[in-house]
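Undergrad: Chains as they are written, first to last, in my numbering: chain A, 1351 to 1546; chain B, 253 to 698. Every residue gets a Cβ at the ideal spot worked out from N, C-alpha and C, and that includes glycine. Since the model is a prediction, treat every value here as computed from it, not as a measurement.
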Amino acid sequence: MSDNEALLLKKIKEGDIRSFELLISEYQVYAYNVAYRMLGNEEDAKDITQEALIKVYKSIHKFKETSNFSTWLYRIVMNTCKDELKKRKEVTLSLDKEIETDDGTVSLEIGDERLNPSVVVERNEVGHVVQEAISALPDANRIVIVLRDIQGLSYEEISQVIKEPIGTVKSRINRGRGQLKKILMDQKHLILSEQY
Amino acid sequence: MNCDRYEDLIHLYVDHRLDKKETGNLLSHMETCDHCRQTYEEISALKDLLGGIQMKALPEGFEEELHVRLLEASEEKTNTWVERIKERLWSGPKMKMAVSFSGVALAAVLVIGNTGLLSDISQKTVMEEASYDMAYESVEETAAEAPMALMAEPEMAKMDMAVRSGEVAVTFDGASNVPSEDVSNYAVTSQVEAFGASGGTQKKETKVVKENDFTGRLIIKTANLSMNVENYDSNNAEIYRMVEEMGGYISDTSSYYYIFDQYDDRNNKKTGYMTLRIPYLYFDQFVGQLEAYGDITNHSSNANDITKQYRDTSAEVKNLEVREAKLREIMGRAEEIKDVIEVERELSRVRSEINRHQSILTDWEDLVSLSTVTINMTEVEDLKVNVKPVDKDVWTKAREGFIYTVNRLVDALEGFVIWLVAMSPIILPVGVVAIVVLRKLYMRWK
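#1: Starting from the Cα of A:Val1379, find the closest Cα among A:Val1494, A:Ser1521, A:Leu1389, A:Ala1395 and give me that residue.
#2: Chain B partners of A:Glu1371, CB-CB under 8 Å?
#3: Could you list the residues in the stretch 288 to 301 of chain B with a C-beta less than 8 Å from some C-beta on chain A, going in chain order?
#4: Taking 8 Å as the cut-off, does the stretch 662 to 674 of chain B touch the stretch 529 to 543 of chain B (at least 3 CB pairs, one atom from each stretch)?
#5: Which of helix, strand or coil does DSSP assign to B:Glu631?
#6: Do A:Glu1434 and A:Leu1403 have their beta-carbon atoms positioned less than 8 Å apart in this structure?
#7: Check this for me: beta carbons of B:Asn556 and B:Ile655, under 8 Å apart or not?
#8: Applying the 10 Å Cβ sphere with the 16-neighbour rule, what's the burial state of B:Glu631?
#9: Let me know if B:Gln306 comes out buried or exposed under the rule of 16 or more other beta-carbons within 10 Å of its beta-carbon.
#10: So, does the CB of B:Thr505 fall closer than 8 Å to a CB anywhere in chain A?
#11: Can you tell me where the alpha helix (DSSP H) with A:Ile1367 in it begins and where it stops?
#12: Quick one: Cα of B:Lys299 to Cα of A:Asp1499, how far?
#13: List, in chain order, every chain B residue whose beta-carbon is nearer than 7 Å to that of A:Gln1537.
#14: Note down the Cα distance separating B:Gly653 from B:Asp517, rounded to an integer number of angstroms.
#15: The ligand MN and A:Ser1485: does the residue's C-beta get closer than 7 Å to at least one heavy atom of that ligand?
#16: Using the beta-carbon of each residue, which ones in chain B are nearer than 8 Å to A:Arg1527?
#17: Count the other CB atoms within 10 Å of the CB of B:Thr291; is the residue buried (16 or more) or exposed (fewer)?
#18: Touching or not, the stretch 271 to 278 of chain B and the stretch 562 to 570 of chain B, by the rule of three or more beta carbon pairs under 8 Å?
#19: Would you call the CB atoms of B:Glu596 and B:Leu301 closer than 8 Å?
#20: If we call anything under 8 Å between Cβ atoms a contact, is A:Glu1507 one with A:Thr1421?
#21: Using a beta-carbon distance below 8 Å, is A:Asp1433 in contact with chain B?
#22: Locate the alpha helix (DSSP H) running through B:Leu298, then write down its first and last residues.
#23: 8 Å is my cut-off, CB to CB: does B:Gly667 come that close to chain A?
#24: Using beta-carbon positions only, say whether A:Tyr1386 and A:Glu1392 come within less than 8 Å of one another.
#25: Compute the Euclidean distance between the alpha carbons of A:Ile1523 and A:Asn1491, then round it to the nearest angstrom.
#26: Of the residues A:Lys1531, A:Glu1440, A:Lys1439, A:Ser1409, which one's Cα is nearest the Cα of A:Val1427?
#27: Just to check my reading of the structure: B:Ser503 and B:Lys522 have Cβ atoms closer than 8 Å, yes? What is that Cβ distance to the nearest angstrom?
#28: Starting from the beta carbon of B:Ala325, find every residue of chain A whose beta carbon is closer than 7 Å, and list them in chain order.
#29: Per DSSP, what kind of secondary structure is B:Ile472 in: helix, strand or coil?
#30: Answer yes or no: do B:Ser478 and B:Thr549 have a C-beta to C-beta separation smaller than 8 Å?
#31: Compare the C-alpha of A:Cys1377 against each of A:Asp1366, A:Tyr1424, A:Pro1515, A:Leu1359 and name the closest.
#32: For B:Ile305, decide whether its Cβ has a neighbour in chain A, counting only Cβ atoms nearer than 8 Å.
#33: When burial is assigned at 16 or more other CB atoms within 10 Å of the CB, is B:Val461 buried or exposed?
#34: A:Tyr1386 CB to nearest chain B CB: under 8 Å?
#35: In the structure shown, what three-state DSSP assignment does A:Lys1361 receive?
#36: Does any residue of chain E have a CB that is nearer than 8 Å to the CB of A:Val1379?
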């Protein structure tokens, strides 16, 4: 932690908002990107990042200056994302069950988006295809893949962020990459049709 | 042979976490095992693909929205803690009286002893706070001004352009009030024509540079100046106005008091620096005009010709683009997954290379079209040195200082008493225990 950051922290603990904004100015874009990769859309990513940053501000007195601020911040962002994902799951509708409405019963159907040319055009960016694949990963593996392969954190840093031993980090990275590879292979035709 | 174990090693290998021995094992295994070699290629291609994803910029209005939410959060925070304590402490009238009485008594004792020392300290903190606030101001200023200058409302920009091309024409007809060097004249001529023709927004300017394909020269101009002025603020404002008139912007600025007199504002002296971006046509004119504002104590300028590097880099980009097109063609014919990943990796490498070069080109275009001027400005009493008259208000100031110190003391003592009362649930039991223990020890010793 640099002297500058230490000074800012002191001011923040006295309640100074501008110091806080200065402190997070270099981190907030990373936080936003992590949230985006975790949640898959910009709107949610923005809300969750802000929520997480407010949490950071409110609990700044709990932060110990001996630890790493960015790791701490990542952890809060990740936890906020997890809460959001949990919330989403609770309202997920079942595809098999029929839903009772006033006009009788209906059942949900998934449209086959992959064959629709307009969808392909919409995603003419490699990031979108990869993002979809990432979104399909289980939460625990997605977290480590985002932190390791997109954000470039080390195994040790990730272990601090998710508070799991390095061994767990390793096996999740291995499993996550394996799954991601498989998903991307299945979508080969999408990657082909897009423009770099 | 157990390939599962090797797959684990492959993941560690692409993350550079394998020691020499294990690396050797893995590499020799991969020489014989096609399956593992393919896995390795796929995983490292995947890692490159993920690593090459571009960072998303923050959405518009993100920081403003966050600021509002932070304000709300900070109000909640103070309300819950400080208010609660305050309410509890100040609820009884008896308590109030007792506290203020003891406060005054203590204050009286301390004032006599410590006036000198305390006023020293308080003065220092005032100075610190002042400079601190100033620093913030400057940060905000930059943040607010930079995007404004960049975005430049279309109408404004149009007018601006018209004025510019007009003035420049004059410059070339008659004698110049823009004394530019010989080398830059090429670039100037070609750009002037373009200015007259297009008259669009700021963006056009860089585009013009591109389309010209550099028959002229590209020169990055910078200047560094130090100057003494008599009135910091008004000179600052004047320079800002001039920069804006010329169509430039302020990219960075900071100022603070290096002499801070809490009794008399007139004695305050400021110093600071500003980094300005001026359209290069006006560069020499601008630097020349600065002399009117004060004494220039130091002046250095630099002109860096980057024509050759620029041409090389844009040729490189063209080559890479051809290569990219070819790769995409190959990608269309690829049948095997292995090939797809291979080509894809190459493709993303080429793309990132192109992006890298292009961003360098844009940076150069920006640096060429807008010259950078850094000014260090220091406020002085008088540019000519003479004897300073004695201040007539010495006693008034001393009295103000005394009152100020007393006020600070009262504040400090109030804080102390609040703390004492707030902590009393802890202090009292601890004190009682301490007395009991001490007594026991004393008795035993006896």
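TA: Put simply:
#1: A:Ala1395
#2: Glu315, Leu318, His319, Leu322
#3: Glu294, Ile295, Leu298, Lys299, Leu301
#4: no
#5: strand
#6: no
#7: no
#8: buried
#9: exposed
#10: no
#11: 1367 to 1374
#12: 6 Å
#13: Within chain B, no residue comes near A:Gln1537; the closest Cβ sits about 11 Å away, beyond 7 Å.
#14: 14 Å
#15: Although the ligand MN was asked about, the structure shown includes no ligands whatsoever.
#16: His263, Ile295, Leu298, Lys299
#17: buried
#18: no
#19: yes
#20: yes
#21: no
#22: 286 to 303
#23: no
#24: yes
#25: 7 Å
#26: A:Ser1409
#27: Wrong, their Cβ atoms sit about 20 Å apart, outside the cutoff.
#28: Ile1404, Tyr1407, Lys1408
#29: strand
#30: yes
#31: The residue you asked about is not Cys; residue 1377 of chain A is Tyr in the sequence shown. The shortest Cα separation from A:Tyr1377 among A:Asp1366, A:Tyr1424, A:Pro1515, A:Leu1359 belongs to A:Tyr1424.
#32: yes
#33: Its pLDDT being 44, under 50, B:Val461 is placed unreliably in this model, and the coordinates cannot settle the point.
#34: yes
#35: helix
#36: Of the protein chains in this structure, namely A and B, none is chain E.
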